[in-house]
Amino acid sequence: AQSVSQHNHHVILSEAASLELGCNYSYGGTVNLFWYVQYPGQHLQLLLKYFSGDPLVKGIKGFEAEFIKSKFSFNLRKPSVQWSDTAEYFCAVNTGSGNTGKLIFGQGTTLQVKP
Amino acid sequence: DVKVTQSSRYLVKRTGEKVFLECVQDMDHENMFWYRQDPGLGLRLIYFSYDVKMKEKGDIPEGYSVSREKKERFSLILESASTNQTSMYLCASTDRTGNSNQPQHFGDGTRLSIL
Numbered sequence: 001a002q003s004v005s006q007h008n009h010h011v012i013l014s015e016a017a018s019l020e021l022g023c024n025y026s027y028g029g030t031v032n033l034f035w036y037v038q039y040p041g042q043h044l045q046l047l048l049k050y051f052s053g054d055p056l057v058k059g060i061k062g063f064e065a066e067f068i069k070s071k072f073s074f075n076l077r078k079p080s081v082q083w084s085d086t087a088e089y090f091c092a093v094n095t096g097s098g099n100t101g102k103l104i105f106g107q108g109t110t111l112q113v114k115p
Numbered sequence: 116d117v118k119v120t121q122s123s124r125y126l127v128k129r130t131g132e133k134v135f136l137e138c139v140q141d142m143d144h145e146n147m148f149w150y151r152q153d154p155g156l157g158l159r160l161i162y163f164s165y166d167v168k169m170k171e172k173g174d175i176p177e178g179y180s181v182s183r184e185k186k187e188r189f190s191l192i193l194e195s196a197s198t199n200q201t202s203m204y205l206c207a208s209t210d211r212t213g214n215s216n217q218p219q220h221f222g223d224g225t226r227l228s229i230l
């Protein structure tokens, strides 16, 4: 069965530190990849997505992610985090079959940024 | 901007009750989804619907049913609530046009407690 794995469950950083959150998926075919963020008390919102083209995608608020097909990975990065980045981050995969838009989510990573 | 509205932010019910969670979206999306979100488990798909009166089971449908009588509304039903259904429930919708790279749009969630 297809699955998504986020290896970091809880990350604590100081402001200005660099961030990398890991995401690996298990599926050998074409994939669409997403990172969502959930700020405290708010709904999930899209950070960025990849479906084709340049494997380095840029999202909102200075986030970027790199799709490495050979490693089945889609890691999220930010060069310098801010206290306002404190949130839960979810990686998700759509295998592209049909057009139901169905996603498989990772377990989530809680990021705590200390001021 | 897409708006997905869940009828309640917090709900407390008793074991054995029949519970209805309502979700409405205002963007004429074909696809709608119900997830539950639990710490360390991420989002798990309960049911989804790709058209009026159409539904498909997700990964954890046991103990739940759904109803989609109108395109904009997707209801999740707990037939006989149990304490292990205490969770955060998230509704989402997405457009079906094009490939499966359309992001899902989420509601604010309903935190359901079963006593």
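Protein chains in written order, with the working numbering: chain A, 1 to 115; chain B, 116 to 230.
Ideal Cβ positions, reconstructed from N, Cα and C, are used throughout, including at glycine.
Keep in mind the model is a prediction, meaning the values are calculated, not measured.
### Message
What residue range does the beta strand (DSSP E) around A207(B) cover?
### Response
202 to 209
#### Entry: At least 3 beta-carbon pairs within less than 8 angstroms: the stretch 216 to 229 of chain B vs the stretch 161 to 180 of chain B
no
### Query
Where does the unbroken beta strand (DSSP E) through I229(B) begin, and where does it stop?
First-last of the beta strand (DSSP E) with I229(B): 225 to 229.
### Interfacial residues, the stretch 215 to 229 of chain B to chain A, with Cβ spacing under 7 angstroms
S215, N216, Q217, P218, Q219, F221, G222, D223, G224
### Task
For Y89(A), count neighbouring Cβ atoms within 10 angstroms of its own Cβ and tell me buried if that reaches 16, exposed if not.
buried
### Same chain, Cβ closer than 6 angstroms to N24(A), five either side skipped, listed in chain order
Around N24(A): S5, F72, S73.
### Task
Pull up the distance between the alpha-carbon of Q56(A) and that of R211(B), whole angstroms please.
Per the sequence shown, residue 56(A) should be read as Leu rather than Gln. Each residue's alpha carbon lies about 25 angstroms from the other.
#### Entry: DSSP three-state assignment for K71(A), whether helix, strand or coil
Here K71(A) sits in helix by DSSP.
### Query
Do you know whose CA, among T30(A), L19(A), V113(A), E15(A), lies nearest F67(A)'s CA?
T30(A)
### Task
Name, going along the chain, the residues of the stretch 134 to 149 of chain B whose beta-carbon falls closer than 7 angstroms to a beta-carbon of chain A.
N146
### Cβ contact check for the stretch 73 to 88 of chain A and the stretch 9 to 24 of chain A: 3 or more pairs under 8 angstroms
yes
### Task
Taking C-beta pairs closer than 7 angstroms, name the residues in chain B that G108(A) reaches, listed in chain order.
Taking the beta carbon of G108(A) as reference, the chain B residues within 7 angstroms of it are G157, listed in sequence order.
### Task
Given a cut-off of 9 angstroms, decide if L193(B) and F105(A) are closer than it, judged by their beta-carbon atoms.
With respect to L193(B), F105(A) sits apart: the two C-beta atoms are not nearer than 9 angstroms.
### Message
Rounded to whole angstroms, what is the Cα-Cα separation between K186(B) and P115(A)?
### Response
45 angstroms
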